[in-house]
Amino acid sequence: MKTKLSLLLAASISFSSSVMADSEAMMQAAGQEIFKKCSACHSLDESKNAFGPSLIGVFGRKAASLPRFAYSDALRGSDITWDEENLRKWIAGNDQFVPGTRMRHVEITDKAEQDYLISYLKTLK
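Just so we're aligned: the sequence shown equals residues 0 to 124 in numbering that gives the first Met the number 0.
Take a look at the structure:
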């Protein structure tokens, strides 16, 4: 009986892990689709900046820290690190979050879309 319970528990954990991984992969795929709005200005090539800076490695990076990009004084002075909370605020309304920034974008206020986009941004390494 104890062995059957252990096997059932192991199978349940394995199934849960698989479902969670599938869910995360779906969130990342949805975020990649949403990112198309961003790709008009942001490169996915770490050696190239476009109208906006490359977003490779953005998660966990200090704001305004990429070389060869002319950031606004407001963003350079912000002392922001791009964690989930700060990315969410930026995505929802960057000019309210950092007044004086030069970036203009379509605000994404839907929390689910923010979740998807942040999930995708975390994969850009």
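Built from N, CA and C at the ideal position, the CB exists for glycine as well. Keep in mind the model is a prediction, meaning the values are calculated, not measured.
Check                                                                                                                                        : Outcome
Under three-state DSSP, which class holds Lys36?                                                                                             : coil
Can you check which of these residues, Asp94, Gly56, Tyr115 and Asp114, is closest to Glu139 by C-alpha distance?                            : This structure cannot speak to residue 139, because the chain is shown only from 0 to 124.
Span of the alpha helix (DSSP H) holding Ala73?                                                                                              : Asp72 to Arg75
Given Thr122, which residues of its chain have a CB within under 7 Å of its CB, disregarding the five upstream and five downstream residues? : Gln27
First and last residue of the alpha helix (DSSP H) that includes Asn85?                                                                      : Glu83 to Phe96
Can you grab the Cα-Cα spacing for the pair Leu54 / Asp82, in whole Å?                                                                       : 13 Å
Where DSSP assigns a beta bridge to Thr80, which residues make up the other side?                                                            : Lys61
Which two residues bound the contiguous alpha helix (DSSP H) that contains Ile107?                                                           : That residue, Ile107, is in no alpha helix (DSSP H); it is neither H nor E in DSSP.
Measure from the alpha carbon of Tyr119 to the alpha carbon of each residue in Gln31, Asp21 and Ser22, then state which is nearest.          : Gln31
Let me know the secondary structure DSSP gives Ile55 once reduced to three states.                                                           : coil
With distance defined between alpha-carbon atoms, name the residue in Gly56, Pro66, Trp89 and Lys47 nearest to Arg101.                       : Trp89
From Ser71, Lys110, Thr108 and Glu112, pick the residue whose C-alpha is nearest to that of Val97; which is it?                              : Ser71
Using CA coordinates, which residue listed in Ala62, Ile117 and Leu43 is at the minimum distance from Gly76?                                 : Ala62
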